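Numbering (the numbering used here), first residue to last: 46 to 226.
We put the beta carbon where it would ideally sit given N, CA and C, even for glycine.
What you are looking at is a predicted structure, and each value in this text was computed from that prediction instead of being measured.
Beneath this line is the structure, given in structure tokens, with notes to follow.
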Amino acid sequence: MTTEESLIESLKRHERGAQRLFYDRSVRYATAVAMRYVADNEAVRDILQDCYVKIFMQFDRFEYRGEKSLKRWVSRIVSNECITYLRTAGRLNFTHDMPDVAEEAETDIERVPRDVLYEMIRKLPTGYRTVLNLYVFDQMDHKQIGDKLGISRYTSASQYLRAKILLSKMIKKYKQQHETE
């Protein structure tokens with residue numbers, strides 16, 4: 046049994062020490078996932094509190110499927126809670142028309158620090174940010190995203206395209222500012 050598997054077994058028995066260890070090991074990752082969806086730091090803290098309550102209450106249902114399955118499960122719970130928050134707070138807004146700007150060439154993101162890139166993602170409008178996260182990080186297709194968010198796959202594709210264009214512009218601006226320094 047791996048260390049992760051033994052931790053999971055302890056969590057299924059609701060052992061407080063295991064819960065603390067799991068929290069300490071996973072909170073940075075869970076926070077990063079939540080912050081990709083929700084721009085308000087205080088809301089992120091509230092969402093994470095709800096997530097960990099849900100995680101600890103549902104651990105008996107978790108089925109270990111190999112390395113990183115626990116991380117994927119936590120990510121799914123966090124992203125679902127974020128989407129629920131955005132929906133109930135009335136912040137999940139979508140533009141229903143196709144972008145009027147031509148799609149720009151792919152932007153090289155290699156030289157952009159990860160924390161800077163995540164901050165750029167947080168600055169995207171909520172609909173763009175949500176679709177981008179589901180498409181890129183959760184690897185859902187536009188039909189799946191549309192079903193999850195209650196929008197058409199065309200709206201999902203439009204939101205993703207707009208997010209890519211806006212993010213590309215932010216990255217280019219960042220690079221221009223840092224090339225002159």
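Closest residue to residue i among the options (Cα-Cα distance)
i, options, result
"Gly172", "Tyr82, Glu108 and Phe139", "Phe139"
"Pro170", "Arg81, Asp183 and Ala63", "Arg81"
"Asp91", "Met102, Ala79 and Phe101", "Ala79"
"Glu126", "Phe104, Arg110 and Ala88", "Ala88"
"Thr129", "Arg70, Val83, Gly62 and Tyr68", "Val83"
"Glu229", "Ala208, Arg121, Met215 and Ser114", "Any property of residue 229 remains undetermined from this structure, which presents the chain solely from 46 to 226."
"Arg56", "Ile100, Val176, Arg136 and Gly111", "Note that residue 56 is Leu in the sequence shown here, rather than Arg. Taking only the C-alpha atoms, the option nearest Leu56 is Ile100."
"Ser124", "Ile166, Leu93, Lys168 and Phe104", "Leu93"
Euclidean distance between Cα positions of residue i and residue j
i, j, result
"Ile210", "Gln204", "10 Å"
"Leu206", "Gln189", "16 Å"
"His59", "Cys96", "16 Å"
"Thr200", "Gly191", "8 Å"
"His223", "Leu137", "33 Å"
"Phe67", "Glu112", "15 Å"
"Gln64", "Ile53", "9 Å"
"Arg117", "Ser71", "11 Å"
"Ile154", "Tyr219", "10 Å"
"Gly135", "Ser213", "27 Å"
"Arg110", "Ile122", "16 Å"
"Val235", "Arg106", "Nothing in the structure corresponds to residue 235, since the chain is present only between 46 and 226."
"His6", "Leu179", "The structure shown does not extend to residue 6, since the chain is modelled only from 46 through 226, so no value can be given for it."
"Glu108", "Thr48", "15 Å"
"Gln221", "Asp69", "38 Å"
"Asp85", "Leu131", "11 Å"
"Arg73", "Arg61", "19 Å"
"Ala77", "Ser120", "10 Å"
Exposure of residue i, with buried meaning 16 or more beta-carbon neighbours within 10 Å
i, result
"Ala75", "buried"
"Ala150", "Model confidence at Ala150 stands at a pLDDT of 47, short of 50, so the residue's coordinates are unreliable and nothing is read from them."
"Thr133", "exposed"
"Met185", "buried"
"Met215", "buried"
"Thr175", "buried"
Pair within 7 Å by beta-carbon distance, residue i and residue j
i, j, result
"Leu177", "Ala208", "yes"
Practice task
Would you check if there are 3 or more beta carbon pairs closer than 8 Å linking the region 154-171 to the region 195-202?
Solution key: no
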